[in-house]
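Worksheet: the structure to be examined is printed underneath.
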Amino acid sequence: MILALGLLSGAANADILWDYGWTTGTAQGSWANTTSGQNFADMVSFTNNVTVTRFVYYTDFDPSAFGTMHIKLLSDNAGVPDVVLDGQDVSVASWTNVAPNINEVNLDLNTPLNLMANTNYWIGASGNGFEAAQLSVLTPGDGLMAQFSGTSYSFMTSVGDQMFRLEGTNTVPEPASLAVLGLGALALVRRRRK
1111 MILALGLLSG AANADILWDY GWTTGTAQGS WANTTSGQNF ADMVSFTNNV
1161 TVTRFVYYTD FDPSAFGTMH IKLLSDNAGV PDVVLDGQDV SVASWTNVAP
1211 NINEVNLDLN TPLNLMANTN YWIGASGNGF EAAQLSVLTP GDGLMAQFSG
1261 TSYSFMTSVG DQMFRLEGTN TVPEPASLAV LGLGALALVR RRRK
């Protein structure tokens, strides 16, 4: 019974937590994106607590020339970015040309981001001292990105959402796992009564 519980709880993990990747909509454009200059963030929210371990970035530039990238996480204040909650510089783990003029860049976080359910966050990635060329996508989001000048929020720009994906772990077991856990608890109670 315990082995079955362990095996089923593994099925509750989700690989893709947020997907505004290249297959989710039409590419809108490529935008200058440097940590010290113009850069962006997009709002995310999850129905369950999640742990983000990878930021997947999309660009039309050659990632083999990229240095470290800065990933920032900010709180939300009435629909705009507010306080910086986390910032980390990461190296490119790997990259793949997935379509003409679209490169998928995997950025593995140094420290995972534990994000609470039903909470709005702002997240973005930018090139540290180099042009990272952020691609944007028309759907599935609201068509807006928060635009920054360095660390200062400037305004919402309507050139599409950041083309990005977040990967990691969904920390809530799926309903089937909860049912098996409940049956296991009932079996233990029944066994104690005998």
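Its first residue numbered 1111, the sequence shown is counted upward by one per residue in this note's numbering. Don't be surprised by glycine CBs; every beta carbon is placed ideally from N, CA and C.
What ranges does the beta strand (DSSP E) occupy inside the region 1204–1288, keeping only unbroken runs of at least 3 residues that lie completely in it? The beta strand (DSSP E) runs of length 3 or more contained entirely in the region 1204–1288 are, from start to end of the chain, 1204–1209, 1212–1225, 1231–1237, 1244–1247, 1255–1259, 1262–1267 and 1274–1280.
How would you call Ser1146, buried or exposed, if buried means at least 16 neighbouring beta carbons within 10 angstroms? By 1-based counting over the sequence shown, the position of residue 1146 is 36. By the 10 Å Cβ count, Ser1146 comes out exposed.
According to DSSP, Ala1151 sits in a beta bridge with which residue or residues? Taking the first residue of the sequence shown as position 1, residue 1151 is located at position 41. DSSP output for Ala1151 lists Ala1256 as bridge partner(s).
Provide the residue(s) that pair with Trp1141 in DSSP beta bridges, ordered along the chain. Position 31 of the sequence shown, counted from the first residue, corresponds to residue 1141. Beta-bridge pairing links Trp1141 to Gln1244.
At least one CB of chain D closer than 8 Å to the CB of Val1215: is that the case? Absent here is chain D; the protein component of the structure consists of one chain.
How about the region 1136–1150 and the region 1227–1240: do they share at least three Cβ pairs that are nearer than 8 Å? Output reads yes: the region 1227–1240 touches the region 1136–1150.
Test item: CB-CB of Leu1127 and Asn1230 under 8 Å: On the sequence shown, residue 1127 is found 17 positions in, with the first residue counted as 1. On the sequence shown, residue 1230 is found 120 positions in, with the first residue counted as 1. No.
Cβ atoms of Phe1176 and Ala1242: under 8 Å apart, would you say? Working through the sequence shown from its first residue, we reach residue 1242 at position 132. Working through the sequence shown from its first residue, we reach residue 1176 at position 66. Yes, the Cβ-Cβ distance between Ala1242 and Phe1176 is below 8 Å.
Pick helix, strand or coil for Ser1174, following the three-state DSSP scheme. Reading the sequence shown from its first residue, position 64 is the one you call residue 1174. Helix at Ser1174.
By the 10 Å Cβ neighbour count, where 16 or more other Cβ atoms means buried, how is Thr1136 classified, buried or exposed? Within the sequence shown, the letter at position 26 stands for residue 1136. With fewer than 16 other Cβ atoms from the protein chains shown falling within 10 Å of its own Cβ, Thr1136 counts as exposed.
Spatially closest choice to Asn1213 from Leu1276, Val1269, Phe1171 and Phe1150, by CA coordinates: Your numbering for residue 1213 matches position 103 in the sequence shown. Nearest option by C-alpha distance: Phe1171.
With a cut-off of 8 Å on the beta carbons, I'd call Gly1253 and Ser1268 a contact; round off their distance for me. For the purposes of this step, residue 1253 is taken as the residue at position 143 of the sequence shown. For the purposes of this step, residue 1268 is taken as the residue at position 158 of the sequence shown. For a cut-off of 8 Å, the C-beta gap from Gly1253 to Ser1268 is around 6 Å, short enough to register as a contact.
Between which two residues does the beta strand (DSSP E) containing Gly1197 stretch? Residue 1197 sits at position 87 when you count from the first residue of the sequence shown. Gly1197 -> beta strand (DSSP E) spans Val1190 to Val1200.
How is Gly1116 classed by DSSP in three states: helix, strand or coil? Residue mapping note: residue 1116 aligns to position 6 of the sequence shown, counting from 1. The pLDDT assigned to Gly1116 is 41, lower than 50, so where the model puts this residue is not dependable, and the model offers no usable value.
So who's on the other strand from Thr1169, going by DSSP bridges? Start at 1 with the first residue of the sequence shown, and residue 1169 comes out as number 59. Within the DSSP bridge table, the entry for Thr1169 names Asn1213 and Gln1244 as partners.
Pair within 8 Å by beta-carbon distance, Pro1191 and Gly1278: The residue labelled residue 1191 in the question sits at position 81 within the sequence shown. The residue labelled residue 1278 in the question sits at position 168 within the sequence shown. Taking 8 Å as the Cβ cut-off, Pro1191 and Gly1278 do not qualify as a contacting pair.
Identify which residue in Val1208, Ser1174 and Asn1187 has its Cα closest to the Cα of Trp1132. Here the question's residue 1132 lines up with position 22 in the sequence shown. The option with the nearest alpha carbon to Trp1132 is Val1208.
I believe Val1247 touches Gln1138 by the beta-carbon criterion, under 8 Å. Please report the beta-carbon distance rounded to the nearest angstrom. Counting from one through the sequence shown, the residue named residue 1247 turns up at place 137. Counting from one through the sequence shown, the residue named residue 1138 turns up at place 28. Your pair Val1247 and Gln1138 checks out as a contact, with CB atoms roughly 6 Å apart and the cut at 8 Å.
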